[in-house]
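So the structure is just underneath, and the comments pick up after that.
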Amino acid sequence: MTASKDTDQWVTAEQLEVWRLFIRAQSRVIRRLEADLLAEHELPLAWYDVLVRLLEADGRRLRMSDLAERVLLSPSGLTRLVDRMVEEGFVERAQAERDGRGFYAVLTDAGYERLRDASGTHLRGVHDYVVGRFDDTELATLADLLRRLDP
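This is the structure we're talking about:
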């Protein structure tokens, strides 16, 4: 079905195929990256993303709410993920100094080491599964198109 009963918007068969190709490609790339990280480093992709975001942050720490937004998880989903990462020693929680209500996730040395070890695998996958399949002009075009989806 290409039309919605609740709206006057129509999606052509060709447009729907573009949507399906987009979703399928994104899903396959994520699955491949996840499989590589798990096989080589026993590190889920979501954990890798959290570690990268913390490494990039000032003081290697972020408020839990900011981290949830950056890794595209709900606050409760991030809390569960960080709980497991704390158990593994990759992240610590620190209470916010100013208001005392919030918490920070803080990258530990063990988390940094695991991230450093896994980054080559991740970057190789990004190259092999995505950027290495396009020339520079195509990548610039793709980046422009994707930016329209995330204003």
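For reference, each letter of the sequence shown is one residue, going 1 to 151 in full-length UniProt numbering.
By construction, the Cβ of each residue, glycine as well, lies at the ideal position given by its N, Cα and C atoms.
| Check | Outcome |
| --- | --- |
| Whole-number beta carbon distance between L37 and A105, since they are thought to touch under 8 Å | Incorrect: roughly 19 Å between the Cβ atoms, too far for contact. |
| Unbroken stretches of the beta strand (DSSP E), 3 residues or longer, contained in the UniProt domain "HTH marR-type" (15-151) | 61-63, 91-95, 103-107 |
| Cβ contact check for the region 37-49 and the region 114-122: 3 or more pairs under 8 Å | yes |
| Sequence-distant residues of the same chain with beta carbon closer than 8 Å to S74, five excluded per side | A68 |
| F90 Cβ short of 7 Å to the ligand HEM heavy atom set | The ligand HEM is absent from the structure shown, which contains no ligands of any kind. |
| Residues of its chain near L139, where Cβ-Cβ distance is below 7 Å and the 5 sequence neighbours each way are ignored | V131 |
| Test item: CB-CB of G89 and A110 under 8 Å | yes |
| Beta-carbon proximity check, L45 vs I23, cutoff 8 Å | no |
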